[in-house]
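With the sequence shown counted from 1, adding 523 to any position gets you the numbering used here. The beta-carbon is built from N, C-alpha and C at its ideal position, and this holds for glycine as well. Here the structure is laid out as structure tokens; the discussion comes afterwards.
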Amino acid sequence: MMGHLVYRNLLHRPLRTLIGMTAVAVEVALVVLIVGLTSGLLTETAKRIEGIGADIMLQPPAASIFLGFSGSPMPIKIADKLREMKYVQSVSPALLQFSSSGGVDVLYGIDRDSFRAVSSGFVFLEGRDMQGPDDLLVDDWAAKAKHIKLGDKFRILEHEWNVVGIVEHGKGARLFVPLATLQDLVGARDKASIFLVKCTRPEHTGDVTEQIRHILPGYTIRPLKDFLSLMTSTNIPGLEGFINAMIALAVAIGLLVIFLSMYTTVIERTRDIGVLKSLGADKGFIIRALLAESAMLCCAGIVLGVGLSYGLRAAFLAAFPTLSILITAGWLLKAAAIALVGALFGASYPAWMASRKDPVDALLYD
């Protein structure tokens, strides 16, 4: 009986039910996509750094894990000291330059031969490796997103580059240029932002790390196998607070719409509530009926929200191929739980108000 009553009540006002479901769906989609976008970008960035194939990355003191903001304060001669160390197979300096003109890009200035020695080289999908000072390599995701083709001219940092190769993604950056050219462009001659170190064997990483700490005290040394664990919202200042704020906003939207919907339901059904109470329905029955209606509305909204999340992710990835949105079962369940708790909380006061109505006054309500 209860289920049939709740079902009929939801169908009685289909537009209001649809609005309530949509509000819950938007709440779920906001939570899933905000968390999915931040965690996806962090995870994808970390995997690209790991994909270089180096064992150790050396950065300046107090350097950020966001490599694009590292600058270029280190003398490139440090590479010679690193190469002299025991268990070091190869060292590759790289200059990183952030650009926000025409989009957000991090440009890697690399030495072709030493980078190949550390990373085992690029996988070329089209074209060839860099040879001239103005040559540019683009990974396949960036080429698709920016509509870059082999042989095109690409302008960045107020310099025109020749696109000579399209490479497989996963080698740190998406754009690669000759180290010497980038040093001249940004006024960082004989400077490097990071040094990528390849050990003779992976198990020698700890020994090499200790040697670097002894020779270069205060510098930031990161084993690349641990880089993925560093790229979390808790390690990024302000990011976790932003995520929590957006989740709170999504919950507030769902809670207010559910509250308004159930409050309106109680007002509209004052006479119906009076009839139920005159037939013997107690306060508990009225509260359970309204909360069950809210829960059913929320469950339908959650299903709609999950579908909306996947649909929006597909649309975003089609428009922006370099984005990475990670949707996990864990956060789908968390978003559903947040929506359900918020909906029941929003329906609690209207349900309590309905249970307190006097049956005589309710029957006389016009």
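- In the structure shown, residue 816 falls within a helical segment according to DSSP collapsed to helix, strand and coil.
- Across the structure, residue 673 and residue 637 are spaced so that their CA atoms are roughly 24 Å apart.
- In the displayed model, residue 698 falls within a strand according to three-state DSSP.
- Distance check between residue 766 and each of 874, 858, 654 and 544 places 858 closest, using alpha-carbon atoms only.
- Judged by DSSP in its simplified three-state form, residue 879 adopts coil rather than helix or strand.
- The way I'd put it, the stretch 730 to 748 doesn't touch the stretch 637 to 648; fewer than three beta-carbon pairs between them come closer than 8 Å.
- Annotated three-state conformation of residue 653 is coil, per DSSP.
- Within the same chain, no residue comes within 7 Å of residue 681 by CB-CB distance, once the 5 residues on both sides are set aside.
- Separation of residue 576 and residue 724 (C-alpha to C-alpha, rounded to the nearest whole angstrom) is 12 Å.
- DSSP places residue 662 within a strand segment (E or B) once states are collapsed to three.
- Rounded to the nearest whole angstrom, the C-alpha separation of residue 554 and residue 871 is 23 Å.
- Burial of residue 718 is indicated by the presence of at least 16 other C-beta atoms within 10 angstroms of its C-beta.
- Listed as beta-bridge partners of residue 714 by DSSP are 598.
- Spanning the alpha carbons of residue 747 and residue 722 requires a straight line of approximately 12 Å.
- Per the DSSP secondary-structure output, residue 684 pairs in a beta bridge with 677.
- Judged by their CB atoms, residue 610 and residue 730 are nearer to each other than the 7 Å cut-off.
- Ranking 867, 605 and 655 by CA distance to the CA of residue 815 puts 867 first.
- For residue 558, the enclosing alpha helix (DSSP H) begins and ends at 537 to 573.
- The beta carbon of residue 705 is closer than 7 Å to those of 618, 620, 630 and 632 in its chain, skipping five residues each way along the sequence.
- In this structure, DSSP gives residue 769 a helical state, which the three-state scheme calls helix.
- When C-beta atoms of the stretch 815 to 830 are compared with those of the stretch 537 to 549, three or more pairs fall below 8 Å, so the two segments count as touching.
- Closest by C-alpha distance to residue 701, out of 692, 693, 612 and 713, is 713.
- Between the beta-carbon of residue 697 and that of residue 665 there is about 4 Å, and that keeps the pair under the 8 Å contact cut.
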